[in-house]
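Read through the structure below, which is laid out as structure tokens, and then see the notes.
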């Protein structure tokens, strides 16, 4: 069976158009990813699921959840992204620290690092979700006895938001 030249060109056009539309849809999905989720108060299972979901959106299949321990022996999970991917994830890395509670391991501390490129979306989200307390601190009620406190730190051309689970004063 002989395929005409115009038919081959049409097939190539359809293939290229399809690939282009898939890439545009993928970019749009990642572009609207929003600021990183606040993980404080979540279980280790929920944080792991979230980190795996973030890693699955990357073309880099080498991305894995990194596991570390604090000096106090608390588990830390971390995901990192390249400078190019920062515009999709709106951060360079997210680290969650866990402490043992009655129900298992709970995230009691989270850090989110990002550069000036995505500072607006992260700071805007901080202002939407939290109430400005004083100075460089924001607060949100977690339970009647516990607050989530957030502080914003500028480090050269980068920022870090630190979220902490703390007893109310």
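Numbering (the working numbering), first residue to last: 471 to 639.
Every residue, glycine too, gets a C-beta built ideally from N, C-alpha and C.
Predicted model only: the values in this text are computed from it and were never measured.
For residue 617, the pairing in a beta bridge is given by DSSP as 611 and 636.
Selection 578, 602, 522 and 505 evaluated against residue 616 yields 578 as nearest (Cα-Cα). Counting only runs of 4 or more residues that sit fully inside the stretch 501-529, the alpha helix (DSSP H) segments are 514-526, in chain order.
Between the stretch 557-569 and the stretch 588-597, the count of C-beta pairs closer than 8 Å reaches three or more; the two stretches touch. Taking residue 510 as the centre and dropping the five residues before and after it, the same chain places the C-beta of 577, 580, 618, 633 and 635 closer than 6 Å to its C-beta, in chain order. Of the candidates 557, 637 and 536, 557 places its Cα closest to the Cα of residue 588.
Counting of Cβ neighbours within 10 angstroms places residue 505 among the buried residues, the total reaching 16 or more. For residue 549, the enclosing beta strand (DSSP E) covers residues 545-550. 622 is the residue among 622, 613, 598 and 611 whose C-alpha sits nearest the C-alpha of residue 605.
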